[in-house]
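Read the structure below first, then the notes.
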Amino acid sequence: MSPLPKTGGARVLIIGATSAIARETAQVYAASGARLFLTGRNGGRLASVRDDLLVRGAAQVETAELEVTQIASHRSVVDAAVGSLGGLDIALIAHGTLPDQTRCQEEVSATLDAIQINFTATVALLTLLANYFEAQRRGCIAVIGSVAGDRGRQSNYVYGAAKGGLDRFLQGLRNRLYRSGVAVVTIKPGLVETPMTSGMPKTPLFASARRVGRSIERAIENRRNVVYIPWYWRPVMAVIRWVPESIFKRLQL
Amino acid sequence: MQTYQSWGRYPPAAHTRVLPIRWRTDPIRLSDLSESVLPFAYGRSYGDSCLNNGGALLDVSGLGRFIAFDESTGVLRCETGVTLAEVLSLAVPRGWFLPVVPGTKWVSIGGAIANDIHGKNHHRAGTFGAHVTCLELLRSTGERILCSPERNVELFRATIGGLGLTGLILWAELRLKRIPGAQIAMERIRFSGLRDFAQLSTEDQEFEYTVAWIDCLARGRRLGRGLFLRGDHAPGPSRTSSRGKSRITIPATLPSGLVNRATTTVFNGLYYRAQVRTRQRKTGEYEPFFFPLDGIGAWNRLYGRRGFLQYQCVTANESEGAVAELLDQVARSSEIPSLAVLKRFGTVRSPGLLSFPRPGITLAIDFAMRGATTLALLDRLDQVVAAAQGAVYPAKDARMSAANFRRFFPHWQSFASQVDPKFSSSFWRRVTAA
Chain A
1 MSPLPKTGGA
11 RVLIIGATSA
21 IARETAQVYA
31 ASGARLFLTG
41 RNGGRLASVR
51 DDLLVRGAAQ
61 VETAELEVTQ
71 IASHRSVVDA
81 AVGSLGGLDI
91 ALIAHGTLPD
101 QTRCQEEVSA
111 TLDAIQINFT
121 ATVALLTLLA
131 NYFEAQRRGC
141 IAVIGSVAGD
151 RGRQSNYVYG
161 AAKGGLDRFL
171 QGLRNRLYRS
181 GVAVVTIKPG
191 LVETPMTSGM
201 PKTPLFASAR
211 RVGRSIERAI
221 ENRRNVVYIP
231 WYWRPVMAVI
241 RWVPESIFKR
251 LQL
Chain B
1001 MQTYQSWGRY
1011 PPAAHTRVLP
1021 IRWRTDPIRL
1031 SDLSESVLPF
1041 AYGRSYGDSC
1051 LNNGGALLDV
1061 SGLGRFIAFD
1071 ESTGVLRCET
1081 GVTLAEVLSL
1091 AVPRGWFLPV
1101 VPGTKWVSIG
1111 GAIANDIHGK
1121 NHHRAGTFGA
1131 HVTCLELLRS
1141 TGERILCSPE
1151 RNVELFRATI
1161 GGLGLTGLIL
1171 WAELRLKRIP
1181 GAQIAMERIR
1191 FSGLRDFAQL
1201 STEDQEFEYT
1211 VAWIDCLARG
1221 RRLGRGLFLR
1231 GDHAPGPSRT
1241 SSRGKSRITI
1251 PATLPSGLVN
1261 RATTTVFNGL
1271 YYRAQVRTRQ
1281 RKTGEYEPFF
1291 FPLDGIGAWN
1301 RLYGRRGFLQ
1311 YQCVTANESE
1321 GAVAELLDQV
1331 ARSSEIPSLA
1341 VLKRFGTVRS
1351 PGLLSFPRPG
1361 ITLAIDFAMR
1371 GATTLALLDR
1381 LDQVVAAAQG
1391 AVYPAKDARM
1401 SAANFRRFFP
1411 HWQSFASQVD
1421 PKFSSSFWRR
1431 VTAA
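Chains as they are written, first to last, in the working numbering: chain A, 1 to 253; chain B, 1001 to 1434.
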């Protein structure tokens, strides 16, 4: 297994780079002189993030507008990233939406959109990236999942199902790519203070995007398998998974 | 839900809503709102200048991105919500420093401009606004106006020190200054009264930074005793990160009685006596020199539920008598003051129409809020300041009268003509009330 290049000078592709968590991770890479390829839906926002990362020390920042549900465009974006950075050491998939559960129950299209963005599009990207990294026989693929994927709950099971499905997909991918020396990191943040959760009442369980973003960089550096961020979500979710279904179905979670 | 209050936690304010502003390139529509708006970042203004009771706040803490930095000229362009801590952690390792820093690094660039803040180098560098080369202002009409000392000058001068009332500053460009390293060579001198302070401050021009702390509970022949601090940038690396967290944080609002006359008397006296020798020289980190209280997170909670008021004023030169009078009033009252900060402002003119610093001596004291008696003492202090052709600092204020505001800020009417009709604040409504 060949070692991953140190963060300094690393070539990093970030999908969903205008998300609050991804920007924090990108800042860590930028400060170490990394070269970055960023995708996002909004060109103006991408340019703001690019300029910020260049000031913070990134050696190179390229951007491409990408709507992840436009699956036909994935290949050209991955090719552009590989081409402009001269290869990839790390891919971080950070896009996602938190759907309104009630709306998903009322409208089939809302449910399918949430699955499309949070699961199908991610799986499509991972299929391309897995083949690239497998052929190169080194590197790291990191994906932002969620603690919500660890167990289905009435208040959030469409999002949970997408993230849970992703969790299984990544398990299998990790198993497959192990022999090629490619790390697959599943990142499971808990509640994070980001625009995605701005409508939720804030509790002490919320972590800052900065803390989560920095932990992601460390998890990638250490080639972890599954990380909960912050760490206390691991025992919390262990307890939640352990509750028997006959009891769990009665809970108001 | 995050609470939106000022640093002094007085007065309380209820806002109709908080609109997060996260991207400067997105369309920002303010004209549809029925209520007035006011930009808010980290709530480090002490009184009500960052509050908009009954109106809305524009939370700009998400506008925290750098835009451009020229390492050869030191010109930095960044969004309004970037903290001074972020700027320092970027700039110091590259040999640059902010031209002016206040007593905390947790303020935003937009707030530093809107309050035209000053620091320990006012006698040399003037205010923060004097180093701003241009900024972009979003008006409620949707117009984005580039303002600088050459373009849209009137709006520029109104926005420097304009308390966020002329529109939303989206980004600004400023000139940083070269430093030889991250260390500060400093000297601390114990002095026994205001006359000694006046004498020491005549040597100010020999140092980049000067400030004094005084024991404001000492009376009689001890009146105005304190420690004079002065220093310059020095070579050497920094061992701490500017983005690091506070070492300790006050976890919760403490009972109001904890900060009382007895504890502050002991604290004031101890602070003065902590230094045995008359003169002490050392070279150390810049953070404790500039931001001594940033080591304690949320120290404002020490004052309890009722909060506190900071009183900062400036009195015209040759007015040591007025400073003595102010200190005497404080010492004779039964109020609970913290240490007082004293500094002589220089003659560099602020570009801002509503800027507070002007030549003379500035005095700042925190008071635990105890209701009517606290407010009555501060009103008496206002009279002394008015008689000494001085002014009270809006960034710290929660209570000065409309009449005194107009006396202290004679350009307020030309300023008012530049205020965006959609923007307002609790402070502005108070000081412009008929």
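Don't be surprised by glycine CBs; every beta carbon is placed ideally from N, CA and C.
The model shown is predicted, which means the values in this text are computed figures rather than measured ones.
Let's test the definition: count the other Cβ atoms within 10 Å of the Cβ of residue i and tell me whether it reaches 16, buried, or not, exposed.
| i | result |
| --- | --- |
| Met1449 (chain B) | Outside the displayed span of chain B (1001 to 1434) sits residue 1449 (chain B), for which this structure offers no information. |
| Lys1282 (chain B) | exposed |
| Leu1146 (chain B) | exposed |
| Val1266 (chain B) | exposed |
| Arg200 (chain A) | With the sequence shown as reference, residue 200 (chain A) is identified as Met, and Arg is not the correct amino acid for it. Classification for Met200 (chain A): exposed. |
| Pro1012 (chain B) | exposed |
| Gly44 (chain A) | exposed |
| Leu1270 (chain B) | exposed |
| Asp1379 (chain B) | exposed |
| Lys1422 (chain B) | buried |
| Asn175 (chain A) | exposed |
| Gly1142 (chain B) | exposed |
| Asp1070 (chain B) | exposed |
Tell me, to the nearest whole angstrom, how far the beta carbon of residue i is from that of residue j; I am working on the premise that it is less than 8 Å.
| i | j | result |
| --- | --- | --- |
| Leu1227 (chain B) | Arg1188 (chain B) | 6 Å |
| Asn1317 (chain B) | Gly1360 (chain B) | 5 Å |
| Ile1365 (chain B) | Thr1264 (chain B) | In fact, because the Cβ distance is near 11 Å, the residues do not count as touching under 8 Å. |
| Tyr254 (chain A) | Pro99 (chain A) | The displayed coordinates of chain A run from 1 to 253. Any statement about residue 254 (chain A) would go beyond what the structure contains. |
| Glu80 (chain A) | Ala64 (chain A) | Per the sequence shown, residue 80 (chain A) should be read as Ala rather than Glu. So it is a contact: roughly 6 Å between Cβ atoms. |
Do you know how far the Cα of residue j is from the Cα of residue i?
| i | j | result |
| --- | --- | --- |
| Thr39 (chain A) | Arg1358 (chain B) | 50 Å |
| Gln27 (chain A) | Glu217 (chain A) | 10 Å |
| Thr1202 (chain B) | Arg50 (chain A) | 48 Å |
| Tyr1303 (chain B) | Pro1255 (chain B) | 7 Å |
| Thr1432 (chain B) | Gly1390 (chain B) | 19 Å |
| Gln1312 (chain B) | Tyr1046 (chain B) | 11 Å |
| His1411 (chain B) | Leu1354 (chain B) | 7 Å |
| Leu173 (chain A) | Pro244 (chain A) | 29 Å |
| Gly1126 (chain B) | Arg1349 (chain B) | 7 Å |
| Ile1296 (chain B) | Pro1251 (chain B) | 10 Å |
| Leu1135 (chain B) | Val1075 (chain B) | 13 Å |
| Asn1115 (chain B) | Thr97 (chain A) | 38 Å |
| Ala1331 (chain B) | Pro1351 (chain B) | 36 Å |
| Gly190 (chain A) | Tyr228 (chain A) | 7 Å |
| Asn225 (chain A) | Arg179 (chain A) | 14 Å |
| Ala1372 (chain B) | Gln1310 (chain B) | 15 Å |
| Leu128 (chain A) | Ser73 (chain A) | 12 Å |
| Ala219 (chain A) | Ile93 (chain A) | 14 Å |
| Ile144 (chain A) | Phe1408 (chain B) | 55 Å |
| Leu1174 (chain B) | His1131 (chain B) | 6 Å |
Would you kindly report the start and end of the unbroken alpha helix (DSSP H) that includes residue i?
| i | result |
| --- | --- |
| Lys163 (chain A) | 157-177 |
| Val1384 (chain B) | 1372-1387 |
| Gly43 (chain A) | 43-55 |
Does the beta carbon of residue i come closer than 8 Å to any beta carbon on chain B?
| i | result |
| --- | --- |
| Arg56 (chain A) | yes |
| Pro195 (chain A) | yes |
| Asp167 (chain A) | no |
| Asp51 (chain A) | yes |
| Arg45 (chain A) | yes |
| Ser198 (chain A) | yes |
| Ser254 (chain A) | Because residue 254 (chain A) is not part of the residues shown, which for chain A are 1 to 253, the question remains open. |
| Gly16 (chain A) | no |
Please tell me whether residue i has its Cβ less than 8 Å away from any Cβ of chain A.
| i | result |
| --- | --- |
| Leu1090 (chain B) | yes |
| Trp1096 (chain B) | no |
| Trp1299 (chain B) | no |
| Pro1337 (chain B) | no |
| Ala1068 (chain B) | yes |
| Arg1029 (chain B) | no |
| Thr1080 (chain B) | no |
How far does the beta strand (DSSP E) with residue i in it reach, from first residue to last?
| i | result |
| --- | --- |
| Ile187 (chain A) | 183-189 |
| Gly40 (chain A) | 35-40 |
| Thr1283 (chain B) | 1279-1285 |
| Trp1007 (chain B) | From DSSP, Trp1007 (chain B) is part of no beta strand (DSSP E); its letter is neither H nor E. |
| Gly1226 (chain B) | 1226-1234 |
| Gly1360 (chain B) | 1360-1368 |
| Gln1199 (chain B) | Element bounds for Gln1199 (chain B): not the beta strand (DSSP E) but the alpha helix (DSSP H), 1194-1201. |
| Cys1078 (chain B) | 1075-1079 |
| Phe1066 (chain B) | 1066-1070 |
For a contact meaning CB atoms closer than 9 Å, what does residue i contact in chain C?
| i | result |
| --- | --- |
| Ala1172 (chain B) | In the displayed structure, chain C is absent; the protein chains listed are A and B. |
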